[in-house]
Amino acid sequence: MPPAPPAAVAVTRLSLSEFRNYPALRLDVAPQSVVLTGANGAGKTNLLEALSLLAPGRGMRRARLSDLVRRDDGAVSVTGRTWAVAVHVQTPAGEAEVGTGLVTGAAPAAEADTDEDTAVSERRTVRVDGRTRGPAALGQVLAVRWLSPAMDRLFVESASARRRFLDHLTAGLDIGHSARVAAYERAVRERARLLKDGVSDAHWLAALESTIAEHGVAIAAARREYVARLVASITAEAVTVLRLGVAGSVEDSLAERPALAAEQDFRAALKQSRAHDAIAGGAAVGPHRSDLVVWHASGLPADQCSTGEQKALLLAIVRADVRLLTASHGRPPLLLLDEVAEHLDEQIGRAHV
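The opening position of the sequence shown corresponds to residue 22 in this note's numbering, with each subsequent residue numbered one higher.
Following this line, the structure appears as C-alpha cells:
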C-alpha cells in the first residue's frame, strides 16, 4: 500500500495593517490552493510578500522594514509608523495564529531578525499563538517558499543573490542555519571594523577569528549537506535536468578534511589576510564569498542557458526542495508563486508547473 500523502498546510485567514498599499485587510479563504487575479498595481504581489514574511528574513523582495509601511496618503516620512501581518494557519500539528510586524527602537541581538542589515533603529517582532518569539520560531510553524519574477535572473546576477537563495533553502532543513549566518556576519563586520580602526590586539582579533571560523565551517557544512540531499532528490526524478554544487574555499576544505581541520585552515587564512582586509574591508576568505553553481544537464553553465532554460532550472530546484521539506517535516511548505509560467514554453511549462 502506498504511503498516505502528507497533510496539507493552509493559510485560511490573512490580516494586514498599514502594509504596502493596504490600510487594512482581512482575507478569509478555504484551505486549498488560492489564485489571485486583478489589474496591474492592485496589490497581488504585496499579498504574496506579506505571506513571505512568515519565514525568517526579509521576505521575497528583501525590502527594508520601513519600506513596507503604507505610503498611499502621500507621506514622505514613515518614521514612527508601523505595519503588521497576521495569519491563521492550518498544519498537521494543529492550527496556529502567527503574526509579525514592525516595531521601532533598539532591538536585543537575540530578537533581531536574522536577515536584517541592522537592528539598531527598526526590527520586526514575531508572535505565535499570542506569545512573542524570535524570528526562528516562524520556521517551527511552517516553511515558506516562493518564486517571483525577480528570481528569473538568479543565475546571471551576483553570487550574493545565489548565496541568499541557498541559505534560505538550507534553513528549511536546518533551523539553526539562519542564526549562524547572522552571527557569522556580525563577527566579520566587527573584525573589519577593528582592522579598519587599526586595532592590533592579537587576542581580540584571534577570538573574533575563532568565532568566524567556527560559524563559517558550520555554515559551509550545512550548505554542503543540503545540496547533497537536493541532488539526491533531483536524481530520484525520472529525468535529471541539472547538476549543482557549492563553490568556496571553506566548502572545498570540508570536502577533503575533517571539520576541525577546516576550522584551523580558516583561522590561519584569516590571520594571514589581516593586512589585506584592513585595506580592502571585510574578509578575503570565507563562506560569504561562496557561490551556488548550477549546470544544465547538457553541461552548459546556467548563466549561459536561455531565459526559459534558466527558469526551468530554477523550478527544478524548487520542486526538489519542496519534496525534501515535505519528507523531512511531514508537511509541504507554503508555496507562493508570482507569474511562475513567465518565460516557459508550452512543453516546459507542462513539465514543471
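From the three backbone atoms N, C-alpha and C, an ideal C-beta is built for every residue, glycine too.
Where residue i sits in the DSSP three-state scheme
i	result
R264	strand
T66	helix
A84	coil
T112	strand
E178	coil
L57	coil
W225	helix
E118	strand
A157	helix
R340	helix
V125	Sequence check: residue 125 is Thr here, not Val. T125: strand per DSSP, three-state reduction.
V220	coil
R152	strand
A133	Low per-residue confidence applies at A133: pLDDT is 45, beneath 50, and the placement is therefore not dependable, though the value from the model is reported in the following sentence. DSSP places A133 in coil when its eight states are reduced to three.
V238	helix
V106	strand
T232	helix
G193	helix
L345	helix
R184	helix
A76	coil
Alpha-carbon spacing of residue i relative to residue j, whole angstroms
i	j	result
V343	A60	30 Å
V271	A241	6 Å
L291	V56	50 Å
G122	G320	45 Å
P354	V119	15 Å
N67	R91	11 Å
G351	L163	11 Å
S327	L215	45 Å
R148	S294	43 Å
T232	R185	21 Å
R244	A192	9 Å
E246	I196	14 Å
V202	A299	22 Å
R310	S181	8 Å
G269	T58	42 Å
A301	G219	13 Å
R145	G101	13 Å
Limits of the unbroken beta strand (DSSP E) element including residue i
i	result
V147	E143 to V149
R34	A31 to F40
V165	V165 to L168
L356	L355 to L358
Where the alpha helix (DSSP H) containing residue i begins and where it ends
i	result
R210	H198 to K217
R92	Premise fails: R92 is in no alpha helix (DSSP H) and is neither H nor E.
D49	From DSSP, D49 is part of no alpha helix (DSSP H) but of the beta strand (DSSP E) over Y43 to D49.
Which whole runs of the beta strand (DSSP E) in the segment 243-330 are 3 residues long or more, in chain order?
263-268 and 312-317
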